[in-house]
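What follows is a short report on a single structure.
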Amino acid sequence: MAAGMVATMVLLTCLAAGGLVVGAEEDGGGGGLGRLGSPDYGDALAKAILFFEGQRSGRLPANQRATWRGDSALTDGREENVNLTGGYYDAGDNVKFGYPMAFTVTLLGWSAVEYGAAVAAAGELGNLRAAIRWGADFLLRAHSSPTTLYTQVGDGNADHQCWERPEDMDTPRTLYKITADSPGSEAAAEASAALAAAYVALKDDGDTAFSSRLLAASRSLFDFANNYRGSFQSSCPFYCSYSGFQDELLWASAWLFKATRDAKYLDFLTNNQGSSNPVNEFSWDNKYAGAQMLAAQEYLGGRTQLARYKDNLDSFVCALMPNSGNVQIRTTPGGLLFTRDSVNLQYTTTATLILSIYSKVLKSSGSSGVRCSAATFSPNQISSFATSQVDYILGKNPLGMSYMVGFSTKFPRRIHHRGSSIPSIKVLSRKVTCKEGFSSWLPTSDRNPNIHVGAIVGGPDGNDQFSDNRGDSSHSEPATYINAAFVGACAAAMGQKQVVKLEEPADNLESMVSTY
């Protein structure tokens, strides 16, 4: 490799939000590459958070910024006399799935906890907190009794047979719930983790009554999940649990210990660490890596009884880092972590968030890094690889394509999203029916009339190719949990002011950082 290219790759200083960017298109594109070839992370962060306003369900507030959206699903829960309005549609459909929604809130809360200063510096902390609160409000309402949690609003099968804006939808708003007689420990424990993370993120906002409700509900949900154990399957075939519920119990207990410092949650982590094993993904289904990250943080702070979690987390890092000798997740020719060819960016963003947080924790603890069988990776190397994943998503890839809608000048125009693909109800005020949506709006090759700014789609295939086809949901559909993980990963990249040490071998750098 030429020395000049090595120097360019070594220098990974992030641009401030106001850095030089390429010109935006008139229809909403903005941001891009700055002076040193790094994306405008501040712009990307703002747009990643804005995305959640386009996913809102319920009555929209006066300060709603995604103005192409309108009120929707205002009677959710009425059939059982419970208020289940609000919350988020998970992806490009009109169902509210509580299990991934809770994971989304947990990730947003974690991003605020770990990177609040960087988010505040970008002027986005208020918007991030609003996004957390919008989801947490719904979860509080969904936990209507100590042994009840509503886990889904809407019939997924019926919804997927229609292509309608949320403002028009007339498919059944069927309610699903878990109870003592029909438990679902994964969903209850994830909701517990979400509300604990929201508590830590929002406790200094000044609304002590709301914070108290968050923490009380989180404790209650953990007890529900732990005392009435059973696997959650009611959202199949859309969100089936394959990893079981032990990971969510560990994840929730780790968050509750972080929130409360109550020894009983630390005891739970200590006494149940035998169920923690090395994994190679972190997702709405599999939370082991997240629990390991939180527990490793405690281990490095002196709680040495949690050593197994730290060892497992090191294995996670080795499974991801190129040239580790233990690679389990390959990278595409362009350098993207590629777990599977179905909404792959959900796995890339969550892995990147873990890598970003762990590199920060390792550095602050004075650790030399993570030792794998063929290489030892310093905190700087881990964070640099994490940044390369953020950069790929934002356009530093073989296609020069930003996979975030509205960022830069080349981004997906035909995303698999009902509300984005049909003209706004404020433009086309008449009802667009289920069948009309399928015949007139889903199959067209026209660009989506509503630019869903900030939406990160499923991403390219294993060869870095992307067709921008609305019918290809595996690659063109956004999801809340993709963006939620990206918020923290992007904030980490924005806050990174470090330079990879020049003495590190050029071939190692070349393997970790994309040249695009």
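Letter by letter, the sequence shown follows residues -23 to -1, 1 to 493 of mature numbering (1 follows the signal peptide of the UniProt record, and there is no 0).
Where a beta carbon is used, it is the ideal one built from N, C-alpha and C, also for glycine.
* To do: Spatial neighbours of F29 within its chain, please: CB distance less than 6 Å, with the 5 preceding and 5 following residues excluded, ordered by chain position.
  => Residue mapping note: residue 29 aligns to position 52 of the sequence shown, counting from 1. If we look at F29 and ignore the five residues flanking it on each side, its Cβ neighbours are A108.
* Q442 - DSSP class collapsed to helix/strand/coil -> Against the sequence shown, residue 442 aligns to sequence position 465. Coil, per DSSP.
* Looking only at its own chain, which residues have a Cβ that is under 6 Å from the Cβ of A461, when we skip the five neighbours before and after it? -> Taking the first residue of the sequence shown as position 1, residue 461 is located at position 484. Only T81, L84 and L85 meet the Cβ criterion.
* Per DSSP, what kind of secondary structure is F215 in: helix, strand or coil? -> In the sequence shown, the residue the question calls residue 215 occupies position 238. Coil, per DSSP.
* On a CA-only basis, which of T364, F362 and A68 is nearest Q32? Give me that one, please. => Position 55 of the sequence shown, counted from the start, is the residue given in the question as residue 32. It is A68.
* Asked: Taking the alpha-carbon positions, what's the V(-3) to G8 distance?
  -> What you label residue -3 is simply residue 21 of the sequence shown in a count that begins at 1. What you label residue 8 is simply residue 31 of the sequence shown in a count that begins at 1. Low per-residue confidence applies at V(-3): pLDDT is 25, beneath 50, and the placement is therefore not dependable, though the value from the model is reported in the following sentence. Between V(-3) and G8, the C-alpha separation is close to 6 Å.
* Asked: Of the choices H394, Y458 and A456, whose alpha-carbon is the least far from that of R142?
  -> As a first step, residue 142 must be located in the sequence shown, where it is residue number 165. In terms of Cα proximity to R142, the closest of H394, Y458 and A456 is H394.
* To do: Indicate whether A89 and A231 have their beta-carbon atoms separated by less than 8 Å.
  => Here the question's residue 89 lines up with position 112 in the sequence shown. Here the question's residue 231 lines up with position 254 in the sequence shown. A89 is not a Cβ neighbour of A231, given a cutoff of 8 Å.
* S398 and N425 closer than 8 Å at C-beta -> Reading the sequence shown from its first residue, position 421 is the one you call residue 398. Reading the sequence shown from its first residue, position 448 is the one you call residue 425. Cβ atoms of S398 and N425: closer than 8 Å.
* Secondary structure at S252, three-state DSSP: helix, strand or coil? -> Taking the first residue of the sequence shown as 1, we reach residue 252 at position 275. Helix, per DSSP.
* Asked: With L322 and Y380 assumed to form a contact (beta carbons below 8 Å), what rounded beta-carbon distance in angstroms separates them?
  -> Locating residue 322 in the sequence shown gives position 345, where the first residue counts as 1. Locating residue 380 in the sequence shown gives position 403, where the first residue counts as 1. Indeed they touch by this definition, with Cβ atoms about 6 Å apart.
* To do: Report, in whole angstroms, the separation of the C-beta atoms of S15 and D368, which I expect to be a contact under 8 Å.
  => Reading the sequence shown from its first residue, position 38 is the one you call residue 15. Reading the sequence shown from its first residue, position 391 is the one you call residue 368. S15 to D368, Cβ: 7 Å. Contact.
* **Option nearest G312 by Cα separation, candidates A165, S365, Y153 and R190** => Taking the sequence shown and counting its residues from 1, one reaches residue 312 at position 335. Nearest C-alpha to G312: S365.
* Might you give, ordered along the chain, the residues of its own chain that have their beta carbon closer than 7 Å to the beta carbon of F74, omitting 5 neighbours on each side? => Position 97 of the sequence shown holds residue 74. If you ignore the 5 residues before and after F74, its C-beta comes within less than 7 Å of the C-beta of D67, Q129, S212, F215 and Y216, all in its own chain and listed in chain order.
* Straight-line Cα distance separating E144 from I26 -> The residue you call residue 26 lines up with position 49 of the sequence shown. The residue you call residue 144 lines up with position 167 of the sequence shown. Taking the straight line joining both Cα atoms gives about 22 Å.
* Asked: So, helix, strand or coil for L376, using DSSP?
  -> Your numbering for residue 376 matches position 399 in the sequence shown. L376: coil per DSSP, three-state reduction.
* Where S361 and S342 are concerned, what is the direct C-alpha to C-alpha distance, given to the nearest angstrom? -> Residue 361 sits at position 384 when you count from the first residue of the sequence shown. Residue 342 sits at position 365 when you count from the first residue of the sequence shown. Roughly 18 Å between the two C-alpha positions.
* Test item: CB-CB of V96 and L191 under 8 Å -> For the purposes of this step, residue 96 is taken as the residue at position 119 of the sequence shown. For the purposes of this step, residue 191 is taken as the residue at position 214 of the sequence shown. The Cβ-Cβ distance between V96 and L191 does not fall below 8 Å.
* Cβ-based burial, E91 [other Cβ within 10 Å; buried from 16] -> Translated into the one-based positions of the sequence shown, residue 91 becomes position 114. Label assigned to E91: buried.
* **For Q129, the first and last residue of its enclosing beta strand (DSSP E)** => The residue labelled residue 129 in the question sits at position 152 within the sequence shown. Residues T125 to V130.
* So, using beta-carbon positions, are G414 and C139 closer together than 8 Å? -> On the sequence shown, residue 414 is found 437 positions in, with the first residue counted as 1. On the sequence shown, residue 139 is found 162 positions in, with the first residue counted as 1. Using a Cβ distance threshold of 8 Å, G414 and C139 count as a contacting pair.
* Asked: What runs of the alpha helix (DSSP H), each 4 residues or longer, lie entirely inside the region 189 to 245?
  -> Within the region 189 to 245, the complete alpha helix (DSSP H) runs of at least 4 residues are 223 to 237.
* Asked: If you drop the 5 nearest sequence neighbours on each side, which residues of the same chain put their C-beta closer than 7 Å to that of K340?
  -> Locating residue 340 in the sequence shown gives position 363, counting from the first residue. Same-chain partners within the cutoff: P356.
* Through-space distance from Q358 to Q473, alpha-carbon basis -> Counting from one through the sequence shown, the residue named residue 473 turns up at place 496. Counting from one through the sequence shown, the residue named residue 358 turns up at place 381. Here the alpha carbons of Q358 and Q473 stand approximately 12 Å from one another.
* Asked: Using the C-alpha atoms, what's the distance from S344 back to T156?
  -> One-based indexing of the sequence shown puts residue 156 at position 179. One-based indexing of the sequence shown puts residue 344 at position 367. Approximately 45 Å, taken between the alpha carbons.
* Asked: With a Cβ-Cβ cutoff of 8 Å, do I433 and P400 count as a contact?
  -> Residue numbering aside, residue 433 sits at position 456 when the sequence shown is read from its first letter. Residue numbering aside, residue 400 sits at position 423 when the sequence shown is read from its first letter. Result no, Cβ atoms of I433 and P400 do not sit closer than 8 Å.
* Asked: By the 10 Å Cβ neighbour count, where 16 or more other Cβ atoms means buried, how is N134 classified, buried or exposed?
  -> The residue given as residue 134 occupies position 157 in the sequence shown. With fewer than 16 other Cβ atoms inside 10 Å of its own Cβ, N134 counts as exposed.
* Asked: Name the DSSP bridge partner or partners of residue 509?
  -> In the structure as shown, the chain begins at -23 and stops at 493. Residue 509 is therefore absent and cannot be evaluated.
* Y153, enclosing beta strand (DSSP E) - first and last residue -> The residue you call residue 153 lines up with position 176 of the sequence shown. Element bounds for Y153: L152 to T156.
* Asked: Among V72, F187, F222 and N60, which has the Cα closest to the Cα of P149?
  -> By one-based count along the sequence shown, residue 149 stands at place 172. For the residues V72, F187, F222 and N60, the minimum Cα distance to P149 belongs to V72.
* Hey, out of N40, N60, A175 and Q269, whose CA is closest to V338's CA? -> The residue labelled residue 338 in the question sits at position 361 within the sequence shown. Per the Cα distances, Q269.
* Cα-Cα, which of L37, G19, W45 and Y18 is closest to N427? -> In the sequence shown, residue 427 corresponds to position 450, counting from 1. Closest option to N427, Cα to Cα, is W45.
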